[in-house]
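In full-length UniProt numbering, the protein residues as written are 1 to 224. For every residue, glycine included, the Cβ atom is placed at its ideal position computed from N, Cα and C. Keep in mind that this is a model prediction, so the values were computed, not measured.
As structure tokens, then:
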């Protein structure tokens, strides 16, 4: 969808300074439309490392985006967030095109693609780098790290600060494995039963309809 269209694109809309912390560095990659811009502040607060955000906007919506960034004490100060604007053309949302643009301009060895309406675990950035080092992963390695995803149907609840609290929420039915009530097969292969007691990474077997959120090398195939 959208592969035959050449979209007008503005790379690095604001000042961007990339700092390579380690050869195992991970960049957070996401994309959004104008109605999700309001989520960016909290989304970015939970990731101190490099972030790539591709926005699909009209010319008029770009001004709203500018005003939002300037009004945020957090976002207007950060220089390690790459904002890329793809201007709207057509009726469809070209999600894979946006994902590919967001990763093509990065210099980190690894990327983590996730939707902007997710709340990230505290210290996830540091934990992922730690696992990449422990597992001796490299850009040429075909291993993907799966990041388990969860959801809640409650509008207000205290975000779990660690795995122990998360497990309590699972047991009490406060949260569920992601899309549990809609598309269980999408994340079933993550093997959440194993995850509950695991203290080190474990291997899983791919299954049809598996749609995990993963950390992969920047050399991984693009979305199509």
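Residue i - containing beta strand (DSSP E), residue span
i           : result
residue 31  : 26-33
residue 57  : 51-57
residue 83  : 81-87
residue 217 : 214-217
Residue i versus residue j: straight-line alpha-carbon distance, rounded
i           : j           : result
residue 133 : residue 58  : 41 Å
residue 129 : residue 24  : 6 Å
residue 189 : residue 63  : 42 Å
residue 1   : residue 105 : Any reading at residue 1 must be qualified, since the residue scores a pLDDT of 45, below 50, and its modelled position is unreliable; the value itself is stated next. The straight-line gap from Cα to Cα measures roughly 21 Å.
residue 231 : residue 17  : There is simply no residue 231 to check, as the chain begins at 1 and stops at 224 in what is shown.
residue 211 : residue 186 : 5 Å
residue 103 : residue 123 : 22 Å
residue 97  : residue 142 : 23 Å
residue 125 : residue 53  : 16 Å
Limits of the unbroken alpha helix (DSSP H) element including residue i
i           : result
residue 188 : 185-188
As assigned by DSSP and simplified to three states, the class of residue i
i           : result
residue 222 : coil
residue 164 : helix
residue 145 : strand
residue 152 : coil
residue 22  : coil
residue 202 : coil
residue 158 : coil
residue 197 : helix
residue 169 : helix
Cβ-Cβ distance between residue i and residue j below 8 Å
i          : j           : result
residue 56 : residue 86  : yes
residue 12 : residue 113 : no
Checklist entry - In chain order, which beta strand (DSSP E) runs of at least 3 residues are fully inside the stretch 64-133? => result 81-87 and 110-113
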